[in-house]
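J.: I'd like to ask some things about the structure below.
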Amino acid sequence: MEDDLLVVSDGYKNNTDIWTLDLACSYHYTPNQSCFAIYAKIEGSVILGDDHSCKVAGIGTIRVGMFDGMVRTLTNVKHISELKKNLVSLGYLE
């Protein structure tokens with residue numbers, strides 16, 4: 005039996021305008037505190053897919069501009085400074 009692994013990379017690092025859609029994450033996450041329109045500091049942690057634990061520094065609301073000019077509001081976005089990309093949870097979209 006042969007196993008397949010799909011790895012997707014958009015080539016951007018720490019870009020506040022690029023959001024990666026993710027089926028596996030439980031919430032929306034960003035490493036960029038500057039993205040938040042509303043922000044509250046919290047303490048907590050998240051375990052990533054590679055079993056690495058990351059500290060959650062805050063939670064809040066972010067407004068994301070879409071390709072067609074519409075603005076989408078993401079709530080309960082968690083701030084994890086260790087991440088390299090912004091992640092949108094497809095399962096958590098409202």
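Every position in the sequence shown, counted from 1, becomes a number in the numbering used here once 4 is added.
No residue lacks a Cβ here, since even glycine has one placed at the ideal position from N, Cα and C.
Bear in mind the structure is a predicted one, so any value in this text is a computation, not a measurement.
Excluding the 5 residues flanking Ser57 on each side, which residues of the same chain have their C-beta closer than 6 Å to its C-beta?
T.: Ser49, Ile51, listed in sequence order.
J.: Find out if the Cβ-Cβ distance for the pair Ser93, Tyr31 is shorter than 8 Å.
T.: Yes, they are a contact pair.
J.: For the putative contact between Val75 and Val68, defined by C-beta atoms under 8 Å, what is the C-beta separation to the nearest angstrom?
T.: Confirmed, Cβ separation roughly 7 Å.
J.: Is there a C-beta anywhere in chain B that falls below 8 Å from the one on Asp54?
T.: Protein chain content of the structure displayed is limited to a single chain, and chain B is not contained in it.
J.: For His83, tell me which candidate among Leu97, Cys39, Ala28, Ile22 has the shortest Cα-Cα distance.
T.: When each option's Cα is compared against that of His83, the closest is Cys39.
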